[in-house]
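Report on the following structure.
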Amino acid sequence: MMAIFFRLLSNIDKGNTLKDAIDAVNVGITHSESFLINADAFDKVPGSPFSYWVHNEIRNSFQDLTALGKQQFTACVGLQTSDDFRFIRLWWEVPIHSNYWIPHAKGGEFSEFYTDLHLVVNWKNDGLEIKNFCDLNSGKIISYSRSEQHYFKPGLTWTKSTTLEPSFRCMPAGAIFGVSGLGLIHHRNDQEYLLSLSAIANSKLFKHLLSLSLGLAAEGRKHYEAGIVNKNPLPLFSKDERKHLAQLAKVIWGAKYLLDKFNETSHAFLYPLLVQKCDLYCAKDLANDVIRAFEKIENIVSQAYNISYANYLNDPIERAIDFSHNSGELEIISWCVGVIFGRFDWRLLTGERKLPGDIDPFDPLPSKSPGMVFDGVRFFKKEIEICVDDNSHENDLTLMIGMLLQKLDYLIYFDIKKRICENFFSFHLKQYSKSRRQAPIYWPLQTPSGSYTLWVYYHLLTEQTLYTCINNFVEPKLKSVTDDLNDLRSKPNRSSTEEKELAKLTDLEAELKDFRDELLRIAMFWKPNLNDGVQITAAPLWKLFQHRQWQKKLKETWENLEKGEYDWAHLAYSIWPERVLGKCHTDRSLAIAHDVEDDFWEEIEVPVIRRGKDTEKTKQEWQPRKLSETQVRDLIRQIIETGPSSR
């Protein structure tokens, strides 16, 4: 049955356009917005969308070619934690050499061929804590580890839901994909096949075919489900074509990876591009190589599908990458702070340490970026645990940054102290925040006016850090201020300048006393554990952060901790052990989190019941131990005193 369709999506005056199109059809004249289609043709595309505006050879490809999922590839849904704040972190906020925080693909911004995986997921004991996460009201498990057999394999990943077209990028081995960032796996884990597929999947034609399966949904927020990708037609490519496509994909992947070498929060990071000191080599040539690679991919893919450009391309093929980048002042300061705290290695810029070799797209991600310190060698001979904004102190942050930049023969053309005081933490907070997580690792602990600041590094935090702040910095500073005050007060005839200084020092003395008292109050119960993440760890210190938005978030986090909403956190257990352990008898996932599962739970044999009838079969099932309230209280007291049992 033939049907006429009119497409008016891009027309402003839809009424008159529709009238003109109808009049043209009535007199047998072809109109650009009218389409005469055999309705049976829609069945060729999965889901039978009304793809009336599409050329027949596009629809025919679904019938003539084998679907991607029926070849050597599988697109699949992965891990759903159902509580990302609890189970997911940014890679720089967990212990550096942890063996159970696993790289996690969870979607993200549009990025073809390459993107860094900045998230990690708690996969301790093969995800036991996640797999037992349940709704306490119903007792039903609400987390899902779908397609677990494909975890840790190299593959491609893409963002499932987006307002843009899909972007497929290489997913390194050793990662776990999720429900927002899906996985595309090759049955033999062949990297050449995967690289060539990344080229095909990022072609305009492949994406055009994908959009047809969405139907009307392609006009708004699009959901590129695994099933849609599996059904997309894929021609058979010769060995030479696959090799050529893989080489072209590697060119584009490599160019984007090169740019990421200057991104401080990337696994690829080396060092910042110091203004007037370094530049991206052959940037123009590399940009042209990328453009040519995209063009060649489109040509090879179009020929393989036997579909001409005119039938699917509505915009230019050219997709350029901007290589004109130099680090700004705050990026340079951020790297310098990292060097001072022993995080980043300045020797890569001086040639004292060789640059690392290149990696391949599917190599597992390192626990450290190549720009980080590997051998413990620091710019300053001693370990710098705490910095201060006090130019009379050897640990003054401005002074140390100046010394570092002079060592690198870098021309300092900006006021370091001003940049640090005015906007460095705001920049750092934004720089170290992704995927709705905020995780700054350089913390300015300040008096309310900001007149005195101690900088601490997240990865060097211990139970003694705040005591060190008090004993080595605040108390000596307070003594110095008090001595100066006493000298001024003893003067019989003070000048106006001295009166102003007296008022200033009086305020500073009061602030320092309050600052010391607050540090001491927190130090008495604060036991930082980096597995909790930055936000939980920093929450008790919320009064000491003067950045308004960050302070507000930490205050809310602390209030939620007090209410018991984050009792999975080690910090909650260290402060309120009775409350947390009491919940472990009803919440197995919580018991697993605090290593007390065997104390409160047991695995027993139970009958298998189906449709209300005993099948005369049994299974092993975890259930709470049958303990009275008194026994639970005694057990909690014992665990607090001696630790979890060794059953």
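Just so we're on the same page, this note's numbering is the position in the sequence shown counted from 1, plus 891. For each residue, glycine too, the CB sits at the ideal point set by N, CA and C.
- Following the DSSP letters along the chain, one finds residue 1492 inside the beta strand (DSSP E) bounded by residues 1492 to 1501.
- Distance from the CA of residue 975 to the CA of residue 1006, rounded to the nearest whole angstrom, comes to 20 Å.
- Residue 1029 sits in coil when the DSSP states are folded into three classes, being neither helix nor strand.
- DSSP places residue 1011 in no alpha helix (DSSP H) but in the uninterrupted beta strand (DSSP E) bounded by 1010 to 1013.
- Non-local C-beta neighbours of residue 988 in its own chain, meaning closer than 6 Å and more than five positions away in sequence, comprise 1258, ordered along the chain.
- Taking C-beta atoms as the reference points, residue 1073 and residue 1117 count as a pair closer than 7 Å.
- In this structure, 1517 is the residue among 1060, 1441 and 1517 with its C-alpha nearest to the C-alpha of residue 1477.
- The beta carbons of residue 1046 and residue 995 sit about 13 Å from each other, so the pair does not count as a contact at 8 Å.
- Residue 966 places its beta carbon 7 Å or farther from that of residue 1008.
- In the DSSP assignment, residue 1278 falls outside any alpha helix (DSSP H) and within the unbroken beta strand (DSSP E) covering 1277 to 1279.
- A distance below 8 Å between beta-carbons, with the five flanking residues on each side excluded, links residue 1393 to the following residues of its chain, in chain order: 1376, 1379, 1380 and 1385.
- Beta-bridge analysis with DSSP links residue 1076 to 965 and 1046.
- Going by DSSP, residue 979 is part of the beta strand (DSSP E) stretching over 979 to 981.
- In the three-state reduction of the DSSP assignment, residue 1294 falls in the helix class.
- Residue pairing of residue 971 in beta bridges, as defined by DSSP: 1035.
- Around the beta carbon of residue 1460, 16 or more other beta carbons sit within 10 angstroms, so the residue counts as buried.
- In this structure, DSSP gives residue 1316 a helical state, which the three-state scheme calls helix.
- For residue 1151, the uninterrupted alpha helix (DSSP H) run begins and ends at 1130 to 1151, by DSSP.
- Within the same chain, and ignoring the five residues on either side of residue 1119 in sequence, the residues whose Cβ sits closer than 6 Å to its Cβ are 1104.
- Counted as a single uninterrupted DSSP element, the alpha helix (DSSP H) harbouring residue 1099 occupies residues 1095 to 1105.
- Of 1226, 1003, 1495 and 1135, the smallest CA-CA separation from residue 1188 is found for 1135.
- Here residue 1529 is exposed: its Cβ has fewer than 16 other Cβ atoms, across all protein chains shown, within 10 Å.
- Rounded to whole angstroms, residue 1300 and residue 1290 show a C-alpha spacing of 15 Å.
- Looking at the DSSP output, residue 1336 sits in a beta bridge with 1345.
- Three or more beta-carbon pairs separated by less than 8 Å link the stretch 1445 to 1453 to the stretch 1421 to 1430, which places the two stretches in contact.
- Going by beta carbons, residue 1416 and residue 1466 fall inside the 7 Å limit.
- In the three-state reduction of the DSSP assignment, residue 1455 falls in the coil class, being assigned neither a helical nor a strand state.
- Residues 1228, 1319, 1346 and 1348 of the same chain have their beta carbon placed closer than 7 Å to that of residue 1333, with the five preceding and five following residues left out of the count.
- Here residue 1030 is exposed: its Cβ has fewer than 16 other Cβ atoms, across all protein chains shown, within 10 Å.
- By the beta-carbon neighbour count (other beta carbons within 10 angstroms, threshold 16), residue 1513 is exposed.
- In the three-state reduction of the DSSP assignment, residue 958 falls in the strand class, which pools E and B.
- Residue 1061 is bridged by DSSP to 1047.
- Ranked by Cα distance from residue 1287, the options 1245, 1321 and 1232 are led by 1232.
- Under the three-state reduction of DSSP output, residue 1024 falls in the coil class, being neither helix nor strand.
- Three or more Cβ pairs closer than 8 Å define a contact, and the stretch 948 to 962 meets that threshold against the stretch 1120 to 1130.
- Between residue 1043 and residue 1089, the C-beta gap is not smaller than 7 Å, which leaves the two residues out of contact.
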